[in-house]
Amino acid sequence: MALKRSRSRSFSMSAMPEYNAEVVTNKPKNESTPYMDSFGTDLAQINVDQGNRMKIFHVYKKKLCDKIPHFNQLFEGNHDPFVELPDISPSTFDVLVEWVYTDCLRGIEIVKASDSDHKSSSISWNPVELCILAERLLLTGLMDRVMEVVRKLDRSEDVYYNHKTLKLIYMRTFLGSNIRQYVTQNAAYAVRNFDKSSSLSTTHLLYVMEEHTDFAHDYLDITRTGNLEDPREGPGCQFHVHREHEECPVPKYMDDGKITIREYENGLEKTKPSPKKPRLPPGSQRKMQPNKELILALDQNSDYSTATRQSGSSSC
């Protein structure tokens, strides 16, 4: 019993800190909430419209303008912050808004379906379209990150660009655009390495060159290179907007646009995951496979989808 009493004495109330009710109850009137304060209270309305697809977005104005300063100019003179963005799909702008709030680029889901005589592919969002939008909004850091998502997807799915896509990209971008340089080198590499099976015939190339003399100039400049490399492989800084002496931001965001593939055959999902493609040894070239490509469809009626017959001919 003596032992018990000695223990109870060691836990006397005098050892407890004194409770000061005044300190606890008299909290500061304006307690610091930096995260929520970064959003502000005003909402901006963005109407996004592409073809027959239209959606209204309500985004915190302060957060939007802090992340994308160009919106300050777009809202200037408007009593209510409101702007319309034509030729941008809602799915692409949705990815941009998520980046505004989280600084992350969500993963890309590819769905492949096939039956006895038909194959089709679709994608959850279009990184080429986001790259064009980032260029339009003068987001240099985002442009570099999205460019790497484009290259990652093109490597994964052996993507090359048909004449319709090239025309649309040149129609929606400006002279000196990095996405122009990338897709043009992609096209030139495809023609040089497998011209007979490429969807870019001489007639198709001339068609784009007649419509866009900038493409003719870029294509001729690129094809003068003796050793034309696959633009999807290796470091991509030549297609980035950061200066040569500046640190490339891409290595910090290697999880951007993580690719997930779901496959269906005759309406049933395959449970076996797709095998990973082996890494290429340094200096080697990836063989492009036209019959397996996921061709970009940047027209105004489709996000990034195409259908191919078993014969390998494209519907685009």
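With UniProt numbering, letter number 146 in the sequence shown gets 146, and the count goes up by one each step, no holes. For each residue, glycine too, the CB sits at the ideal point set by N, CA and C. On a predicted model such as this, the values are computed, not experimentally measured, just so you know.
N-terminal and C-terminal residue of the alpha helix (DSSP H) that residue i is part of
i: R232; result: Where R232 is concerned, there is no enclosing alpha helix (DSSP H), given that its DSSP letter is neither H nor E.
i: S91; result: P90 to T102
i: N47; result: Looking at the DSSP string, N47 is not in any alpha helix (DSSP H); the run it does join, the beta strand (DSSP E), is L43 to Q50.
i: S156; result: T140 to E157
i: D256; result: Here D256 belongs to no alpha helix (DSSP H), and DSSP marks it neither H nor E.
i: Y35; result: P34 to D37
Close Cβ partners of residue i (< 6 Å) along its chain, the five nearest in sequence each way excluded
i: Y207; result: H163
i: Y182; result: P231 and F239
i: A113; result: S120 and Y264
i: N186; result: Y160, Y161 and P231
i: F82; result: Q45
i: D256; result: L105, R145 and V149
i: E211; result: K167
i: K67; result: V100
i: Y253; result: R145
Straight-line Cα distance separating residue j from residue i
i: R172; j: N30; result: 47 Å
i: G141; j: P69; result: 13 Å
i: S32; j: F39; result: 14 Å
i: L153; j: D87; result: 23 Å
i: D80; j: P90; result: 22 Å
i: M209; j: P34; result: 52 Å
i: L166; j: M36; result: 43 Å
i: K258; j: H242; result: 23 Å
i: P235; j: I108; result: 21 Å
i: V97; j: K61; result: 11 Å
i: R151; j: Y170; result: 18 Å
i: R180; j: C237; result: 14 Å
i: residue 317; j: C65; result: Since the displayed the chain opens at 1 and closes at 316, residue 317 lies outside it and no answer follows.
i: H217; j: R192; result: 17 Å
i: P127; j: F71; result: 21 Å
i: L205; j: G267; result: 37 Å
i: D115; j: E244; result: 49 Å
i: P251; j: I110; result: 24 Å
i: T184; j: N178; result: 10 Å
i: T260; j: H118; result: 22 Å
i: T41; j: T202; result: 56 Å
i: N78; j: R53; result: 25 Å
i: E76; j: S122; result: 38 Å
Sequence-distant residues of its chain with Cβ nearer than 8 Å to residue i (five each side left out)
i: F93; result: I46, V48, K55, F57, L85 and L133
i: A188; result: Y219, I222, T223 and L228
i: Q289; result: Low per-residue confidence applies at Q289: pLDDT is 49, beneath 50, and the placement is therefore not dependable, though the value from the model is reported in the following sentence. Contacts found: D158.
i: P249; result: G141, D144, R145 and H242
i: L43; result: H58, V59, Y60, K61 and P81
i: E269; result: R262 and E263
i: W125; result: S91, T92, D94, V95, R106, I108, D303 and Y304
i: D214; result: Y170, L175 and R180
i: E246; result: none
i: Y101; result: K63
Residue i - containing beta strand (DSSP E), residue span
i: K112; result: I108 to S114
i: Y264; result: I259 to E265
Three-way DSSP call (helix, strand, coil) for residue i in this model
i: K62; result: helix
i: P251; result: helix
i: P69; result: coil
i: L105; result: coil
i: residue 378; result: The structure shown does not extend to residue 378, since the chain is modelled only from 1 to 316, so the question has no answer here.
i: E84; result: strand
i: E76; result: coil
i: L137; result: coil
i: P290; result: Because the pLDDT of P290 is 44, which lies under 50, any placement of that residue in the model is unreliable, and the question is left without a value.
i: K270; result: coil
Chain B contact for residue i (CB, 7 Å cutoff)
i: D218; result: The structure shown contains no chain B, having only a single protein chain.
Sequence-distant residues of its chain with Cβ nearer than 7 Å to residue i (five each side left out)
i: G226; result: none
i: V130; result: Checking the displayed sequence, the identity of residue 130 turns out to be Leu instead of Val. Cβ neighbours of L130 beyond the five flanking positions: T92, V95, L96 and V146.
i: L74; result: V83
i: L138; result: H70
heavy atom of the ligand MN below 6 Å from residue i C-beta
i: L206; result: The ligand MN is absent from the structure shown, which contains no ligands of any kind.
Inside the region 172 to 246 only - alpha helix (DSSP H) runs reaching at least 4 residues: Entirely contained in the region 172 to 246, the alpha helix (DSSP H) runs reaching 4 residues are, in chain order, 178 to 194, 202 to 211 and 213 to 223.
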